[in-house]
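In the numbering used here, the protein residues as written are 1039 to 1367. One structure below.
Here it is, written out as structure tokens:
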């Protein structure tokens, strides 16, 4: 029970149109050695955590670190933390954008109007994989609410009793099943067939549902299916998340992260400029303070007072004449 392997990617093939419906299929290769995706996996992994910065204001002996110095360094520390945080945010956005394996949604889509679907059940499980139906249908109902298209999942390991499966055979099989299962044109039938470490998917989209499930939307569905197929999710969660995430993505135009990244880099550049300005200003203040201290330490005798001496001589009174000198004159 469960998904048998992991590995290989998705190959999509369109199957053409039948009575206004579209059918097609894709497959994903696997590797042997894993009999089920149920249960949890061991081990551990790295997860980003918030960093705690401890700033000490203690004084250390021996003429080294002082509390005042620590306070002066606080702006530099905060600016450095801000720059690193902004760079980390921008880097994470770029990595997510470049490494994303899911097709971007570039089309604005409008959900089908209420009443388009004659609501049915949500799945058929020929292999006994689904033990928690509500876990499966929660994601499928989310897809229905987002798009107005009701999904239906058919799980099997054969086509017409044969394990000789091809994408084209499964596409034809899904087209025949659509006729048997539904009376409206607003269903999305997905036939998931796994055999011999490989999965195959055939699908048929009702003619009314094609306005939502175009080629791009099918590619998004295939990408999510491939992503979660090789995860450790239980079978119900694997399908449920595939449908839920597909519905959310195809009904929203995917926004590029680059405008946000450019804003982040602009803030980082501004922070760098402010940091160097602050550093230069602190250095100038330090030089001015040093100059003042040197002036205060210099003895007054070392300063020449030529101007003062000249002014003193200018206003100096001549000595008074004696009485004998006056008589001789």
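From the three backbone atoms N, C-alpha and C, an ideal C-beta is built for every residue, glycine too.
Between the alpha carbons of residue i and residue j, how many angstroms are there, rounded?
| i | j | result |
| --- | --- | --- |
| residue 1149 | residue 1313 | 51 Å |
| residue 1265 | residue 1284 | 12 Å |
| residue 1200 | residue 1293 | 44 Å |
| residue 1163 | residue 1193 | 5 Å |
| residue 1233 | residue 1161 | 19 Å |
| residue 1315 | residue 1330 | 23 Å |
| residue 1235 | residue 1307 | 51 Å |
| residue 1065 | residue 1237 | 6 Å |
| residue 1171 | residue 1178 | 11 Å |
| residue 1218 | residue 1304 | 59 Å |
| residue 1165 | residue 1119 | 54 Å |
| residue 1271 | residue 1226 | 23 Å |
| residue 1324 | residue 1318 | 10 Å |
| residue 1321 | residue 1327 | 10 Å |
| residue 1332 | residue 1311 | 32 Å |
Within the same chain, show all residues whose beta-carbon is closer than 6 Å to that of residue i, passing over the 5 residues directly before and after it, in chain order.
| i | result |
| --- | --- |
| residue 1228 | 1191, 1241 |
| residue 1250 | 1147, 1185, 1187 |
| residue 1101 | A caution first: residue 1101 carries a pLDDT of 42, below 50, which makes its placement in the model unreliable, though a value can still be read off. Excluding positions up to five away in sequence, the list is empty. |
| residue 1263 | 1280 |
Quick one: residues in its chain with C-beta nearer than 8 Å to the C-beta of residue i, no 5 flanking neighbours on either side, listed in chain order?
| i | result |
| --- | --- |
| residue 1211 | 1197, 1198, 1229, 1240 |
| residue 1059 | 1213, 1216, 1223, 1242, 1243, 1244, 1245, 1248 |
| residue 1208 | 1063, 1197, 1229, 1231, 1238, 1239, 1240 |
| residue 1151 | 1186 |
| residue 1336 | none |
| residue 1334 | none |
Considering only their Cβ atoms, is the gap separating residue j from residue i smaller than 8 Å?
| i | j | result |
| --- | --- | --- |
| residue 1231 | residue 1261 | no |
| residue 1009 | residue 1188 | Residue 1009 is absent from the model: the chain starts at 1039 and stops at 1367. |
| residue 1154 | residue 1222 | yes |
| residue 1309 | residue 1180 | no |
| residue 1278 | residue 1176 | yes |
| residue 1203 | residue 1062 | no |
| residue 1286 | residue 1146 | no |
| residue 1220 | residue 1280 | no |
| residue 1274 | residue 1174 | yes |
| residue 1140 | residue 1288 | no |
Return the chain-ordered list of same chain residues with a C-beta closer than 7 Å to the C-beta of residue i, the five sequence neighbours on each side being excluded.
| i | result |
| --- | --- |
| residue 1290 | 1143 |
| residue 1182 | 1188, 1189 |
| residue 1156 | 1221, 1222 |
Tell me, please, whether the CB atom of residue i is closer than 8 Å to any CB atom in chain B?
| i | result |
| --- | --- |
| residue 1279 | The structure shown contains no chain B; it is built from a single protein chain. |
If you scan the stretch 1199-1223 from start to end, which runs of the alpha helix (DSSP H) of 4 or more residues do you find wholly inside it?
-> 1205-1219
At what residue ranges does the stretch 1135-1189 contain a whole run of the alpha helix (DSSP H), taking only runs of 4 or more?
-> Listed in chain order, the complete alpha helix (DSSP H) runs (minimum 4 residues) inside the stretch 1135-1189 are 1171-1185.
Runs of alpha helix (DSSP H) wholly within the stretch 1238-1285 (minimum 4 residues, chain order) | 1253-1267
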